[in-house]
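Notes to accompany the following structure.
Protein chains: 2
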Amino acid sequence: MTYELYYWSGIQGRGEFVRLVLEDAGADYVDIALQPNGDERLMAFLDREDLLRPPFAPPFLRDGDLVIGQTAAILAYLGDRLGLSSKSEADRLWLHQIQLTIGDVVGEAHDAHHPLGAHLYYEDQKPEAARRAKAFRQERIPKFLGWFERVLSRNPHGGGYLVGSGATYADLSLFQLVEGLLYAFPKATKDFLAEAPRVAALRETISARQRIHAYLASGRRIPFNQQGIFRHYAELDGRRPS
Amino acid sequence: MTYELYYWSGIQGRGEFVRLVLEDAGADYVDIALQPNGDERLMAFLDREDLLRPPFAPPFLRDGDLVIGQTAAILAYLGDRLGLSSKSEADRLWLHQIQLTIGDVVGEAHDAHHPLGAHLYYEDQKPEAARRAKAFRQERIPKFLGWFERVLSRNPHGGGYLVGSGATYADLSLFQLVEGLLYAFPKATKDFLAEAPRVAALRETISARQRIHAYLASGRRIPFNQQGIFRHYAELDGRRPS
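Each protein sequence line maps, in turn, to chains Z and X.
Numbers 1 to 242, taken from UniProt numbering, label the letters of the first sequence in order.
Numbers 1 to 242, taken from UniProt numbering, label the letters of the second sequence in order.
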């Protein structure tokens, strides 16, 4: 069965976490964002009155009759089917917790440039964004990435992955999170990665995976840009205070 | 096996979504927040260096050797064990999506009074909170609660529940969300509930459940207050524009 991924065209956004799993597994999927009138098809799907279980927002995945929204739920579903999870219930729960925490960082990375809400332009909330971004850089990035470093250091299996001895969907998502933070806050994130060797190494491991490597070099990988969740405004970045 | 729930004392917060499930099921549990030195025990647990899988933040649930963080993950776990979920994988996925969306509203309800971050007092971000709260009231509450109303209206089973024909953990959480919104934004929420009869009815159904009714009247239910996620600042509330 061909999966259909619905997400807004032109940005990586939350859809990218799903794309990385589909690409890494070599799954058969259609990325609706890359189809003609992708955004219109997405909106028409959300508006369908015959859908008993309408997703709240993109991304959502269609697998036959099943429609799944919420990034972390999609990844748990795909991870089980595409060999990027674990058979153990305890491992799967732990993976899901890690993924939900990655989702929390993603939300805060967005709010760093849009603290007053997504209904206003960045230009209408620049002083507020400067205050929120400073706290994000100085308090939240260290706290979150410090936790991921700790999770990696406590995994009793070798290999440098978050859970068990092989890559899972959460490893792919942590790679994407670090990529996004490096795009948006390069100074702060480089400073932090120098102190988080396991997170930095995992980023290298994932980017070297054969299908991920090919995907990142392909035209299917939308570049980071100023419409996505991770946005680079130089005035919101800064070195960590030493 | 006795469950242990770890959460900050003195507030409902995200821990309350877990409490409602444990209470409704009549589960055997210890609420660490109600024990002597509950907050210290919580912090000591998070600091344990021998924990291979340390939760990022409270709430977290301990079930023997298993420690589960992230509210939605805890609820999915407990729902399966306490008869507040479904045996069907499709139903369970749908329930989890609904729960994750409830979690998104909870996060936005917090940011309505703390748009610049939790590191500052409300008093240090009042004008910014006024702007964000207005958008939350006028755009986000209607969008989110409108979706829950739609989910209820499209459930083909009778009974007025979100999924299937009986109460699940998501129904308990939607009840708690509405209670919180009514505390924090009474004018805006009452206006909206007048247009969302199924959401309003579900709130009544859940509050009348025998164990929930007893719990809400008990000393175990911490009252809403100005330290929690849902806070009432009169200046952040307002009628919906007609």
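Yeah, the Cβ is synthetic: ideal placement off N, Cα and C, and Gly gets one too.
| Check | Outcome |
| --- | --- |
| Within 9 Å (strictly less), CB to CB, does residue 82 (chain Z) reach chain X? | no |
| Just the chain Z side, please: which residues come within less than 9 Å of residue 54 (chain X) by C-beta, in chain order? | 147, 150, 151 and 154 |
| Note down, in chain order, every chain Z residue with its Cβ under 8 Å from the Cβ of residue 128 (chain X). | 115, 116 and 128 |
| Rounded C-beta distance between residue 69 (chain X) and residue 55 (chain X)? I'm assuming under 8 Å. | 3 Å |
| Count the other CB atoms within 10 Å of the CB of residue 2 (chain X); is the residue buried (16 or more) or exposed (fewer)? | exposed |
| Is the segment 230 to 241 of chain Z in contact with the segment 127 to 134 of chain Z, if contact means three or more CB pairs nearer than 8 Å? | yes |
| Which residues mark the beginning and the end of the beta strand (DSSP E) in which residue 60 (chain Z) is found? | 60 to 63 |
| Taking the Cβ atom as the reference point for each residue, do residue 170 (chain Z) and residue 102 (chain Z) lie within a distance shorter than 9 Å? | yes |
| Which class does residue 4 (chain Z) belong to by DSSP, given the choice of helix, strand or coil? | strand |
| For a quick check, are the C-beta atoms of residue 75 (chain Z) and residue 144 (chain Z) less than 9 Å apart? | no |
| When the Cα atoms are used, what is the spatial distance from residue 34 (chain X) to residue 214 (chain X)? | 18 Å |
| Quick one: what's got a C-beta closer than 8 Å to residue 229 (chain Z)'s C-beta in the same chain, skipping five residues either side? | 11, 12, 13, 14, 106, 109, 110 and 180 |
| Beta-carbon of residue 137 (chain X) versus every beta-carbon of chain Z: anything under 9 Å? | no |
| Any C-beta of chain Z sitting closer than 9 Å to the C-beta of residue 94 (chain X)? | yes |
| Using a Cβ-Cβ distance under 9 Å, would residue 189 (chain Z) count as near chain X? | no |
| Would a check of beta-carbon distances place residue 107 (chain Z) closer than 9 Å to chain X? | yes |
| With DSSP run on the structure shown, which of helix, strand or coil describes residue 183 (chain Z)? | helix |
| Compute the Euclidean distance between the alpha carbons of residue 233 (chain X) and residue 174 (chain Z), then round it to the nearest angstrom. | 37 Å |
| With DSSP run on the structure shown, which of helix, strand or coil describes residue 30 (chain X)? | strand |
| Exposed or buried, what is residue 225 (chain X) when buried is set at 16 or more other beta-carbons lying within 10 Å of its beta-carbon? | exposed |
| Consult DSSP for residue 103 (chain Z) and reduce its assignment to one of helix, strand or coil. | helix |
| Taking 8 Å as the cut-off, does the CB of residue 118 (chain Z) come closer than this to any heavy atom belonging to the ligand HEM? | Ligands displayed in this structure: none; no statement on the ligand HEM is therefore possible. |
| With a threshold of 16 other CB atoms inside 10 Å of the CB of residue 23 (chain Z), please say whether the residue is buried or exposed. | buried |
| Within the continuous alpha helix (DSSP H) that includes residue 66 (chain X), where are the two ends? | Unbroken run through residue 66 (chain X) is the beta strand (DSSP E), 66 to 69; no alpha helix (DSSP H). |
| At a CB-CB cut-off below 9 Å, which residues of chain X make contact with residue 111 (chain Z)? | 111, 115 and 117 |
| Does any C-beta atom of chain X lie closer than 9 Å to the C-beta of residue 101 (chain Z)? | yes |
| For chain X, is any of its Cβ atoms less than 9 Å away from the one on residue 77 (chain Z)? | yes |
| Give me the residue from Z:113, Z:216, Z:67 and Z:89 with the minimum Cα distance to residue 172 (chain Z). | Z:216 |
| By the criterion of Cβ-Cβ separation under 8 Å, what are the contact partners of residue 90 (chain X) in chain Z? | 66 |
| Would residue 170 (chain Z) pass as an interface residue toward chain X - the criterion being a Cβ-Cβ separation below 9 Å? | no |
| Can you list the residues of chain X that residue 73 (chain Z) reaches, using a CB-CB cut of under 7 Å? | 93, 96, 97 and 100 |
| Pull up the CB-CB distance for residue 164 (chain Z) and residue 157 (chain Z), whole angstroms please, since I reckon it's below 8 Å. | 5 Å |
| For residue 226 (chain X), which residues in chain Z fall below 9 Å Cβ to Cβ? | Result: empty, since nearest Cβ-Cβ is about 21 Å, beyond 9 Å. |
| What does the alpha-carbon distance come out to for the pair residue 223 (chain Z) and residue 178 (chain Z)? | 15 Å |
| Starting from residue 131 (chain X), trace the alpha helix (DSSP H) in both directions and tell me its first and last residue. | 126 to 135 |
| So for residue 90 (chain X), helix, strand or coil by DSSP? | helix |
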